[in-house]
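Everything below concerns the one structure shown next.
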Amino acid sequence: MSSLNRRSRRLLAGLALAAACGGQPRTAAIAPAEWAPGEWDNYLKLTDTWGRPKTPAVGKTGMITGTTGALAIHAGLLTLKAGGSAADAAMTTALAQIALAAGSWVSYAGLMNLMYFDAASGKVSSMNAVFNTVKGETDPRTIPACTTASGRTALVPGFFAGVQAVHDRFGKLPFSALFGPAIKIAEQGVPASAALAQFIQTKRVVLSRLPATKRIFTKPDGSWYAVGDLFRQPELAATLRTVAAQGAGYIYRGDWARHLVNAVRQDGGKMTMEDLAAYRVQWGEPLRTTYRGYQVFATGAPNFGGAKTLEVLNLWELAHVSPETHYWDSPEALYWLIQATQLNYVLGPPGGGVGPPEAWVKRQFPGVDLSLASRAEKGTAQRFWALMQSPKWHELKERARVAQDSAAAAMRTSAGGGGHSDAIVVVDAAGNVAALTHSINTAIWGGTGINIDGISIPDAACFQQDLIGRVEPGSRLPDPTNPMILLRDGKFAFAGSSVGAGLHENTAEMLINLLDYGKTPQEALGAPQFGAPDFGTTYSQSLAEGDFAPAAVDAIKARGQPAELKPKAQLQALYGWWISIKRDPVTGQLLGGTPGPYNGLAEGH
13 MSSLNRRSRR
23 LLAGLALAAA
33 CGGQPRTAAI
43 APAEWAPGEW
53 DNYLKLTDTW
63 GRPKTPAVGK
73 TGMITGTTGA
83 LAIHAGLLTL
93 KAGGSAADAA
103 MTTALAQIAL
113 AAGSWVSYAG
123 LMNLMYFDAA
133 SGKVSSMNAV
143 FNTVKGETDP
153 RTIPACTTAS
163 GRTALVPGFF
173 AGVQAVHDRF
183 GKLPFSALFG
193 PAIKIAEQGV
203 PASAALAQFI
213 QTKRVVLSRL
223 PATKRIFTKP
233 DGSWYAVGDL
243 FRQPELAATL
253 RTVAAQGAGY
263 IYRGDWARHL
273 VNAVRQDGGK
283 MTMEDLAAYR
293 VQWGEPLRTT
303 YRGYQVFATG
313 APNFGGAKTL
323 EVLNLWELAH
333 VSPETHYWDS
343 PEALYWLIQA
353 TQLNYVLGPP
363 GGGVGPPEAW
373 VKRQFPGVDL
383 SLASRAEKGT
393 AQRFWALMQS
403 PKWHELKERA
413 RVAQDSAAAA
423 MRTSAGGGGH
433 SDAIVVVDAA
443 GNVAALTHSI
453 NTAIWGGTGI
463 NIDGISIPDA
473 ACFQQDLIGR
483 VEPGSRLPDP
493 TNPMILLRDG
503 KFAFAGSSVG
513 AGLHENTAEM
523 LINLLDYGKT
533 PQEALGAPQF
543 GAPDFGTTYS
553 QSLAEGDFAP
563 AAVDAIKARG
573 QPAELKPKAQ
583 LQALYGWWIS
593 IKRDPVTGQL
603 LGGTPGPYNG
613 LAEGH
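The numbering used here puts the sequence shown at residues 13 to 617.
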């Protein structure tokens, strides 16, 4: 369908909405000026409170949940109530989350991966709007490390192209309507939260490197913003207004693009206007498998997070662990779940990532198809399940750990430190479902301090030199995010996404809690989890004291799996953080959950 036809459809839909509301567009409902008295301030207070207790969310018509930004998530709910689609609500929320974060752990110059279920057609689509590499960067292994500020560490952003593409295909409300909450946050300002003030203090060296950036994060008297100060982002507000009016083309072919190219090239980068103008989102077929009667859909190539998730489900199914057996107190269940999640580190994700070099893997498994599509298949899982029964399995894991190269170590050190992503899941009144992750995939604000017209620029190339070297210059960079959607008999059953260093392990644990143990999303979030392993000592698995039975831990150690009980507070940086929505198969109710440590929420109507 042509873009003209899509625009005509949205115009007609807008007119129909206006007629149904006595001539007043329902999109006014999501405009911050139209919120109920006190509504904005109440949700802003929730946003400023991290670690508050979360309550289960129930909905009949629609639901949204997100990892951070209660105010942004509520804006998404109001988008649903105004007649918006799951796509509209997800994009509204993502735009507002970044404004609330001031571009710190998520950025408008970041990446997006999305799964979408279109209820009318019954089709699940996968959209990749992840970073492109720079075409002129022909010697990426010489890109400076994260300790050095360099324009060469900037990648071609995909976020805004993703927003535009999702709206063009699945949006119902006018494109500009999605920007209202984010523009208000930036233009009128919000009190600086304790988290934002701490981030600013921690990253003062980075934020003061360039005068234009320092001006954003300091007050007129030159002091840094502190807790409670009204933090406004007028340059960002102006940029958002322009994108809302002109579309994402402004970011890839307009003045903003020129400003970005000039800034990164002044800092030694090789990005060009052609790099930005050539950016396109990738719509593709998702990877899929079945699990206990569910059809499971996950992101496909070049994203490798989806393959990792399906790989674990297929292996766990072969383990034949009873649904009555909990992995946190059963030696058998705990042992096999750890082995299933650690296969990824032996094989390494196709295209790069944490794991041994690709050449090493091919030598260990000659003739084995290790493509993403193959790793999602049950036949491949059976082959590796047989390997896991072998006495050589733990020896192979140790050889894989030793074979890891310095690039993989750099990736663990840099990308694993601190949160740098957000996740959103939405179900609308028509039964459409959006599950997405957006991220900067680097440390908070990165290390260059480059900020273009209010938008922070990540330095995500500073630890992925090896991975960039494995793909063609100017092409899409693989990434590990893993939003997913599950159907049962062709109907929506469940959707979720995870962020954090242990998102891979966390996804497997939450799926087992939901699908095997019958827990609700919020109950699943309260279950014990183990995070990413300790790559320094034979993939040793750290487990939280009080969450895992000591006898179970001793038993898995006796079987060759290194493990150690530690205080839970020491393990938070290794965990993943999951959000999800589940439809009750009997009542049809929507049930949602969001992790306790973050400041997000789940809301339904």
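A virtual CB, placed ideally from N, CA and C, is assigned to each residue, including glycine.
Because the structure is a prediction, the values reported are computed rather than measured.
- At least 8 Å separates the beta-carbon of S433 from that of W62.
- In the DSSP secondary-structure assignment, Q294 is bridged to N140.
- In the displayed model, L526 falls within a helix according to three-state DSSP.
- Annotated as proximal: A575 and S552, with beta-carbon spacing under 8 Å.
- By the Cβ neighbour-count rule, T73 is exposed, with fewer than 16 other Cβ atoms within 10 Å of its own.
- Within the region 338-426, the complete alpha helix (DSSP H) segments of 4 residues or longer fall at 343-359, 370-376, 384-387, 390-400, 405-415, listed in chain order.
- The alpha helix (DSSP H) runs of length 4 or more contained entirely in the region 125-208 are, from start to end of the chain, 171-182, 192-200.
- Sorting K282, A206, L288 by C-alpha distance to the C-alpha of F171 places L288 at the top.
- Contact between the region 394-402 and the region 320-330 is present: three or more C-beta pairs spanning the two stretches fall below 8 Å.
- Bounds of the alpha helix (DSSP H) holding D287 are 285-289.
- Taking the C-beta atoms as reference points, L408 is found nearer than 8 Å to V358.
- The C-alpha of G391 is placed about 38 Å away from the C-alpha of A290.
- Each residue's CA atom was taken as its position, placing L527 and Q294 some 30 Å apart.
- Closest option to A570, judged by alpha-carbon separation, among L346, T599, L83, L252: L346.
- Distance from the CA of A87 to the CA of L185, rounded to the nearest whole angstrom, comes to 14 Å.
- Taking C-alpha positions only, W340 is separated from K531 by approximately 15 Å.
- In the DSSP annotation of this structure, the continuous segment of the beta strand (DSSP E) that includes R300 starts and ends at 299-303.
- The residues V324, H516, E517, A520, in chain order, have a CB closer than 7 Å to that of T353 in the same chain once the five nearest residues on each side in sequence are set aside.
- DSSP places A249 within a helical segment (H, G or I) once states are collapsed to three.
- Taking a 10 Å sphere around the C-beta of D233, we find fewer than 16 other C-beta atoms and assign the residue as exposed.
- Per the coordinates, the alpha-carbon of A131 lies some 46 Å from the alpha-carbon of Q213.
- Contact annotation: W457 and K215 have beta-carbon atoms nearer than 8 Å.
- When the five nearest sequence neighbours on each side are left out, the beta carbons in the same chain lying within less than 6 Å of the beta carbon of L537 are those of G605, P607, in order along the chain.
- Scanning the region 53-116 from its first residue to its last, the whole beta strand (DSSP E) runs of 3-plus residues come out as 69-71, 75-78.
- At least 8 Å separates the beta-carbon of A473 from that of R221.
- Proximity to S383 across A313, S402, P403 peaks at A313, based on C-alpha coordinates.
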